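UniProt numbering puts the first residue of the sequence shown at 1, with every later residue one more than the last. Note that beta-carbon positions come from the ideal geometry of N, C-alpha and C, so glycine has one too. Since the model is a prediction, treat every value here as computed from it, not as a measurement.
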Amino acid sequence: MTHVRVVRNGPVLVSGPARIETPDGVVESDRFMVAICACGRSKNYPLCDTSHRRCRSVQGSA
């Protein structure tokens, strides 16, 4: 069974089998859990590279 969890100020976590379809093609995942970028800053989009952490720390210091 696939389970999706939205993390506040973070990625969308998908556990279970996942096949991600993008406009450029298909990203297959053989991992048990996949983190999908929700902020749009990932250099590995559509997968999360934790760029949201750097953005959040900059916003929090202002």
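| Query | Result |
| --- | --- |
| Gly-25 versus Tyr-45: straight-line alpha-carbon distance, rounded | 12 Å |
| For Arg-19, the residue or residues it bridges with in DSSP | Glu-28 |
| Burial state of Val-34, where buried means 16 or more other Cβ atoms lie within 10 Å | buried |
| Three-state class that DSSP yields for Arg-53 in the structure shown | helix |
| Close Cβ partners of Arg-5 (< 6 Å) along its chain, the five nearest in sequence each way excluded | Leu-13 |
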